[in-house]
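Take a look at the structure below.
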Amino acid sequence: MKTVHQTDALGVLVGPLYLDAGDLDPLELGRYLVPAGAVDEPPPGEVPAGHVARWTGAAWTVVEDHRGETVYDAETGAATTVTDLGLLPAGASQTPPLPTAEALCDAVDASRDRRIGDGFTFDGTAFQTDPDSVKRIAGTASAAHIAITQDGAAAGDLRWADPASDFVWIAADNSLVPMDAPTAIAFGQAYLAFERRLVFAASAIKTRIRDGETVDIETAAEWP
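Following the numbering used here, the numbering of the sequence shown begins with 3 at its first residue and continues without gaps.
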């Protein structure tokens, strides 16, 4: 039995390799056929975390191993993945850079848009506010205004849009909500007020960020 120490293509220790009688050289008594990359000399006994033992061809060394780690350029903040053994590249940091004020403001805008698109409540009922729904809300309010000013549509008249059927809106829960023309206008106004509150809340949060405050964007008090 003979123990050797297998290394990979970079010389990094993989682990012990145990040779037995099946590995003996049939042409030379007592000689083992040692696989490529296997080393007779024992590796270091203690290898710190984040390091590996590496065979140089003449001796074992212990080197840092950051392969697979994400590091950040100290100047640009660009992220890269370490692929080589050894010390971190010059100018690289393992700490992610703090987001810029503009990046944080972009995150506020994204949170605002998500909240706008999550829907709103009108007269106790939840309604969808995806982009297509918002277009329909605006178009319906405009049509209702015309129906009132030009056609004399009155409160309680559900056939202001189509004389053959009542006007209804499909709520978020798929229920049908009847609306006369004044209600359709109020519906559109309620959406505009809902959106306006979120737009101005986002603006106030971005002002705080640009003034140097640390703000938890998702829990900021400004959100309605």
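For each residue, glycine too, the CB sits at the ideal point set by N, CA and C.
- [ ] With 8 Å as the threshold, decide whether the Cβ of F129 is near any Cβ in chain B.
- [x] This model lacks chain B altogether, as it is built from one protein chain only.
TODO: Determine contact between the stretch 140 to 154 and the stretch 182 to 191, defined as no fewer than three beta-carbon pairs at a distance below 8 Å.
DONE: yes
Open item on the list: Measuring only from the beta carbon, is D108 closer than 7 Å to any heavy atom that is part of the ligand GTP?
Closed with: The ligand GTP is absent from the structure shown, which contains no ligand whatsoever.
TODO: Would you please state the rounded distance, in angstroms, between the beta carbons of A103 and R212? I believe it to be under 8 Å.
DONE: 5 Å
Open item on the list: Here's a check: name, in chain order, each residue in its chain whose Cβ is nearer than 7 Å to the Cβ of T127, leaving out the five neighbours to either side.
Closed with: A173 and V179
- [ ] State yes or no: is the C-beta of V54 within less than 8 Å of the C-beta of D75?
- [x] no
Open item on the list: For A145 and D168, what's the separation of their Cα atoms in angstroms?
Closed with: 15 Å
Task: Proximity winner among P37, L87, G47 and S113, relative to E197 (alpha-carbon distances) - done: S113
Task: Candidates P133, T63 and P18: closest to R116 by CA position - done: P133
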